[in-house]
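In my numbering, the protein residues as written are -14 to 137.
Backbone N, C-alpha and C define an ideal beta-carbon position, used for all residues, glycine too.
Predicted model only: the values in this text are computed from it and were never measured.
First up is the structure itself, then whatever we jot down about it.
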C-alpha cells in the first residue's frame, strides 16, 4: 500500500512539472511583456560618475518598434536617449541599456530591471561617460504612482 501511494505521488509530481513546462514553453516567453512593463513615466535620482554630486529628475520610456525611446529631464536639460532590452550574464537576464549625450559628453547606462511592491517597474544600475569608463555613476528610476514629475 505504501509503495503504490509513493509511486502515485511521484507520478503526480512528474506530470504536474511536465505540463507546467509545456504551458510555459509556448508563445514568445516571459520577456514578451517586458517592454510594456517598462513603458511609463519615472522619477530618477543619481550620482554623477567620479563625483559625490547627486541629482534628481524624471524620465519617460516609450516603445518604438524594437527600441525604447527614452527622454531624460534633469535640471533644465531635456536629453533624448535610445534604449534596448539586452540579455546579460550566462543566465541571459534582461537588462535595459540606454545611451544619451549632453552638450559635451556621451553616456551609457546598464539598468537591472526590478519590480516594486506595487508591481511597477524599477530600474537601477551604473552608467559611465564613454570617454572615461573607469568611473561609474549610478541611477535609480522608479514609477511614482501618485504622478510625480513628467518628462515631456
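{"query": "Can you check which of these residues, 124, 52, 106, 75, is closest to residue 95 by C-alpha distance?", "result": "124"}
{"query": "Please report the straight-line C-alpha distance between residue 27 and residue 91, rounded to a whole angstrom.", "result": "21 Å"}
{"query": "Classify residue -7: buried if its beta carbon has 16 or more other beta carbons within 10 angstroms, exposed otherwise.", "result": "Its pLDDT being 49, under 50, residue -7 is placed unreliably by the model, and nothing is read from it."}
{"query": "Provide the residue(s) that pair with residue 91 in DSSP beta bridges, ordered along the chain.", "result": "86"}
{"query": "Exposed or buried, what is residue 130 when buried is set at 16 or more other beta-carbons lying within 10 Å of its beta-carbon?", "result": "exposed"}
{"query": "Terminal residues of the continuous beta strand (DSSP E) containing residue 139?", "result": "The displayed coordinates of the chain run from -14 to 137. Any statement about residue 139 would go beyond what the structure contains."}
{"query": "Taking 6 Å as the limit between beta carbons, can you name the residues of its chain near residue 30, skipping five residues before and five after?", "result": "41, 125"}
{"query": "When DSSP labels each residue in this structure, what does residue 36 get in the three-state scheme?", "result": "coil"}
{"query": "Check residue 132 in the structure and name its three-state DSSP category.", "result": "coil"}
{"query": "For residue 9, count neighbouring Cβ atoms within 10 angstroms of its own Cβ and tell me buried if that reaches 16, exposed if not.", "result": "A caution first: residue 9 carries a pLDDT of 35, below 50, which makes its placement in the model too unreliable to give a value."}
{"query": "If you draw a straight line from the C-alpha of residue 107 to the C-alpha of residue 128, how long is it?", "result": "7 Å"}
{"query": "Restricting to Cα atoms, I'd like to know which of 102, 97, 58 is closest to residue 85.", "result": "58"}
{"query": "Rounded C-beta distance between residue 46 and residue 25? I'm assuming under 8 Å.", "result": "6 Å"}
{"query": "Which same chain residues, not among the five before or five after residue 87, have their C-beta less than 7 Å away from its C-beta?", "result": "62, 64"}
{"query": "Could you have a look at residue 104 and say whether DSSP puts it in helix, strand or coil?", "result": "coil"}
{"query": "From this set, 115, 70, 135, 99, which residue's C-alpha is nearest residue 35's C-alpha?", "result": "115"}
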